[in-house]
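Take our numbering: the final residue in the sequence shown is number 1240, and no numbers are missing along the way.
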Amino acid sequence: MTELQRESLRNVVIISSAGAGKTSLAEALLFATGTVPHLGSIAQGTTVSDFEPEELHRRSSVSTSLLRCSWNHRTINLVDPPGALDLLGEAFMTLGAVDGVVLVFSASSGIRSELMRVWAQVTVLGLPCLLFINEMDKDGSSLDGIAATCYRDLGMMPLPMSLPFGSGAQLEGVLDLIQESLVTSRKEIPTVQQLPIPRDMKTSVEEARKRIQEGAAECDDRLLEQYLASGELTREDVISGLRLGVQAGTVVPLYCGSAIKNIGIVPLLNGIVDFLPSPMDRTLRVPLKGLHPGRGETVSRRAVQEDPFSGIVFKTLIDPFVGRLSYVRVLSGILRADSTVFNSSRSSKEKTGHLYTVLGKKHVVVPLAGAGDIVAIGKLKETQTGDTLCDEHDPICYPKTALPRPVLSFAIEPKSSADIEKISLGLHKLIEEDPTLEFSRHADTKEMVLSGMGQLHIDLALEKLRRKYSAEVVLHMPKIPYRETIRATAQAQGKYKKQTGGHGQFGDCWLELAPLSRGEGFKFENRVVGGAIPRNFIPAVEKGVLDAMQHGSLAGYPIVDCRVAVYDGSYHAVDSSEMAFKIAASMGFKKALESAHAILLEPIMSVEVEAPADHIGGVIGDLNARRGRILHVEAKGQTEQITALVPMAEMLTYATALNSLTAGRGSYAMEDSRYDEVPHELAVRIIETNKVSIHAAVH
Ligand SMILES: Nc1nc2c(ncn2[C@@H]2O[C@H](COP(=O)(O)OP(=O)(O)OP(=O)(O)O)[C@@H](O)[C@H]2O)c(=O)[nH]1
Ligand SMILES: [Mg+2]
């Protein structure tokens, strides 16, 4: 690959709040570059990017798509992730695979929390950004107030590069402030018309152009001197100055238009090519850092062909018929088809099958991919999303992207016994495609639990399970893994004696139960002296106690945080056995439990909620109503972050509640924190319900 080719790549992800027009914009970019002959639409389900059945009937993206087009002799790899909060993990994963971002706002709706979360990560990674204000064809849309919103919510001051010409349904084109022309276009033809700036727009264009000149001059001392001396910069100087500013993160060029009308797309394409960095630009400034898997030391790579091969897998697609496809960003060196690579995240070798460039669902076989490029590899066996692939003789392992954790769980049951195996197999494949989905069997409740980022995420998983793996499940609320413990110390004797025909059974032990602190679990002590119980039977006593602890006396939940001591007993030389002592210990434990003041414990979640400041009162009130304890509230720009402890039983449907409380602008994360006592009234109800279900199960 020549120097020129490497310079000519742009890897760009489009990000926005859900439904702001990413996929429509991607389609318009493909159309304007002549990659596709017609401008597809979301309404008709004809975009290149959204092709999965789940996307077509929802009319919104559910999976990241990869697209490729060319503009001004540059190749642009476009990544179009879904915008929905539940599918945020997809956007997170793509950020490590690109060198720049096109951030899309719709002129009519604001910035929602899902975008703020992705934006925070964009800022951490220092990815240069262009802004596209979409939906300028809608009545009432304008650029007024956009700059203020950007400053308030995203901490950036965008610099307009284009202005709308006409408004609402009469939007005809944009004024391109770099080319100093009016650019009109139609959705039926990809080419644009360049016209002189209309006379009545000259003053506002001149003002905006001045701001661009000043902006460019401020990015480079040489240009600043020139600008101060002559009051004017050439177009080439403006572009080179802004390029420096964009790549340093000090300038965010703003474009506007309408994706579905193919308006304002060409200036944006010029911006992508002129201002966003090539892979080499980025890594020559700051080389990529990773760890040598053997030696543990930091090693670095640049996006040049001379460095050893390395790359990261940012998306995995599994098709039951076609097999596995891994999207990889080649970070350094060259990746060849049908070669052996080393997966340093799993310490295993992988054979690469074919390599493909990707345009939605279309794949074109290529023999190799050079540093900086994005391709799909066919048929890798073990490699998962997030893994590093590299040259086995010069290995490197890149840090993994931290993904959002699931917040919503459901118990799942097979619809029929024929589905059992298909469910487990299918879900494991779905998790390989989407690492933010979790599937486990709960140790306490024995239920199969599927956890995701929200209702949409779970629904999608089940739809795919049905379509791809023909497995059907029924969902219900997961059982709460309550536990029981004791408040008081108690003692009791467990004696098991049976005389049946030949030799009998005899076990006898005295046990003392005492409460332990929360989280201490179980402790067992042998305080028997003088051989009242022979040593070899003590493990059987412990086992009997452990068996009895599986089912508490209140509602049958496991008992925790309890110390049990065996301190006396007796035995029979012939009739005593391990079995007899085990039974005796179980009996003794149950008897002591009766006077140990048993109580019910419930799991408590540590919850972090982010919500817009104007909704915070409602969110806090709701958390209080869920028996939550607010620990901390902190302002973060226009949002507030609440840290609280809330019982798991109250959080089962929180995803839906928070959505409606914050008009979809809130988000939350939670994790297991500890067990606390269930308030008395509630405990009585839970115990009653359990008695009913135990009774029902018996009859
Ligand atoms: N009027 C108008 N509607 C638009 C424009 N761009 C997109 N839309 C509509 O907005 C809706 C969402 O557009 P998408 O392109 O799917 O948005 P997205 O950001 O990809 O959505 P997700 O992938 O679900 O996050 C669709 O109905 C589009 O037709 C636009 O420029 N003008
Ligand atoms: Mg989309």
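For glycine and all other residues, C-beta sits at the position ideal for the given N, C-alpha and C.
- Remark: the shortest separation between the CB of Gly586 and any heavy atom of ligand 2 does not fall under 8 Å.
- Beta-bridge pairing by DSSP links Glu1143 to Asp1217.
- Restricting attention to Ser1208, Lys728 and Arg842, the CA atom closest to the CA of Val1150 is found in Ser1208.
- Beta bridge pairing from DSSP links Ser950 with Ser992.
- Using a cutoff of 8 Å, the CB of Met677 counts as near ligand 1, since one of the ligand's heavy atoms is closer than that.
- The nearest non-hydrogen atom of ligand 1 is less than 8 Å from the C-beta of Arg600.
- In this structure the stretch 629-644 lies against the stretch 929-946, because at least three pairs of beta carbons, one per stretch, are closer than 8 Å.
- With contacts defined as CB atoms closer than 9 Å, Val1107 and Phe1063 fail to qualify as a contacting pair.
- The Cβ atoms of Gly852 and Ser841 do not sit closer than 9 Å to each other.
- Collapsing the DSSP output to three states places Arg599 in a helix.
- The C-beta distance from Lys856 to Thr926 rounds to 6 Å, short enough to meet the 8 Å contact threshold.
- CA-CA distance, Leu1193 to Cys797, rounds to 42 Å.
- Phe592 sits in coil when the DSSP states are folded into three classes, being neither helix nor strand.
- Ranked by Cα distance from Val733, the first of Met697, Asp1163 and Phe572 is Phe572.
- In the DSSP annotation of this structure, the continuous segment of the beta strand (DSSP E) that includes Ala1106 starts and ends at Cys1103 to Ser1111.
- Of the candidates Pro1153, Arg843 and Gly901, Pro1153 places its Cα closest to the Cα of Leu1199.
- Burial of Asn811 is indicated by the presence of at least 16 other C-beta atoms within 10 angstroms of its C-beta.
- If you draw a 10 Å sphere on the C-beta of His998, you find 16 or more other C-beta atoms in it, and that means buried.
- The stretch 1086-1094 makes contact with the stretch 1123-1133; the number of CB pairs closer than 8 Å reaches 3 or more.
- Taken through DSSP and simplified to helix, strand or coil, Asn618 comes out as strand.
- Per the C-alpha coordinates, the member of Ser683, Cys691 and Arg776 positioned closest to Ser722 is Arg776.
- For Lys1039, the uninterrupted beta strand (DSSP E) segment begins and ends at Ala1031 to Lys1039.
- Straight across, the Cα-Cα distance linking Ser885 with Arg836 is about 12 Å.
- When DSSP assignments are scanned along the stretch 654-716, the uninterrupted stretches of beta strand (DSSP E) that are 3 or more residues long and fall wholly within it turn out to be 670-675, 699-701 and 703-706.
- Relative to the Cα of Thr616, the nearest Cα in the group Leu921, Ala1190, Leu817 and Ala1224 belongs to Leu817.
- In this structure, the straight-line span from the alpha carbon of Ala800 to that of Glu568 is close to 8 Å.
- For Ile556, the enclosing beta strand (DSSP E) starts and ends at Leu550 to Ser557.
- Nearest to Gln1182 by C-alpha distance, out of His1156, Ser958 and Gly562, is His1156.
- In the three-state scheme derived from DSSP, where H, G and I count as helix and E and B as strand, Tyr768 is classed as helix.
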